[in-house]
Amino acid sequence: MSTYHTDSAFVRAINYLLGVEGGYVNDPVDRGGETKFGISKRAYPHLNIATLTREQAAEIYYTDYWLKARCNKLPFPIALMLFDAAVNHGLKAAVQQLQRAVRVSDDGIIGTKTLEAVRVTNSMQLMMRLTVERSRSYAKIIAGNPNQKRFLDGWFNRLIALVNEVCLDF
Numbered sequence: 090m091s092t093y094h095t096d097s098a099f100v101r102a103i104n105y106l107l108g109v110e111g112g113y114v115n116d117p118v119d120r121g122g123e124t125k126f127g128i129s130k131r132a133y134p135h136l137n138i139a140t141l142t143r144e145q146a147a148e149i150y151y152t153d154y155w156l157k158a159r160c161n162k163l164p165f166p167i168a169l170m171l172f173d174a175a176v177n178h179g180l181k182a183a184v185q186q187l188q189r190a191v192r193v194s195d196d197g198i199i200g201t202k203t204l205e206a207v208r209v210t211n212s213m214q215l216m217m218r219l220t221v222e223r224s225r226s227y228a229k230i231i232a233g234n235p236n237q238k239r240f241l242d243g244w245f246n247r248l249i250a251l252v253n254e255v256c257l258d259f
């Protein structure tokens, strides 16, 4: 049992995330495949995705996304943006987006250099850079697989909602 219930930033982030992630979906065109609450069978082949509970999803998100991305070491608006990107793009890709946004080597590992770069970067500017990085990622996905274009409106609606949410903290 994790202690995520005592991490108020994560509780706020997971409540936001579970509000934008859908229930059970198994769309053959979606690269994530079978998913529930954003947890995919592709990433967690040992799980019965259809019976996954919100509590189980929150535990997975806390240990495998929030803590591994070191969101607990970031200002909340940036932590939420990184967390949402990790769920949407994968942990390594999200960290690389953050690293490009703060102009450090994009090795996908969030270490002291990345954390320090985030600390000294204006959070509003960083939010905008992260938004651009995610937009570029969506463009690359579609360039690599034009069938994914049908998800573009949803991806941008998600990104707009995220920006609106993090702007509450500025």
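Our numbering applies: residue 90 is where the sequence shown begins, and numbers increase by one. Every residue gets a Cβ at the ideal spot worked out from N, C-alpha and C, and that includes glycine.
Quiz item: Hey, how far is the Cα of tryptophan 155 from the Cα of glycine 112?
Solution: 20 Å
**OP:** Give me the Cα-Cα distance between tyrosine 227 and tryptophan 244, rounded to the nearest whole angstrom.
**Re:** 8 Å
- Test item: CB-CB of phenylalanine 165 and alanine 98 under 7 Å: yes
Notebook entry, point to check: Closest to aspartate 258 by CA distance: which of Leu241, Met213, Met217 and Arg239 is it?
Noted result: Met213
Checklist entry - Does the pairing of the stretch 183–199 with the stretch 228–239 give three or more beta-carbon distances under 8 Å? => result no
Quick check on DSSP: helix, strand or coil for glutamate 308? Because the chain spans 90 through 259 in this model, residue 308 falls outside it and cannot be assessed.
### Message
Just list the residues that DSSP pairs threonine 124 with in beta bridges.
### Response
Val114 and Ser129
| message | Do arginine 159 and isoleucine 128 count as a contact pair if the criterion is CB distance below 7 Å? | response | no
Point to revise | When Arg247, Val176 and Pro235 are compared against alanine 132, the one with the closest alpha-carbon | key: Val176
| task | Give the DSSP-derived three-state secondary structure of lysine 199 in the structure shown. | result | Here the sequence assigns isoleucine to residue 199, which means lysine is not the residue at that position. In this structure, isoleucine 199 counts as coil in the three-state DSSP scheme.
Item to check | Separation of glutamate 110 from glutamate 140, as counted between CA atoms | outcome: According to the sequence shown, residue 140 is threonine rather than glutamate. About 16 Å.
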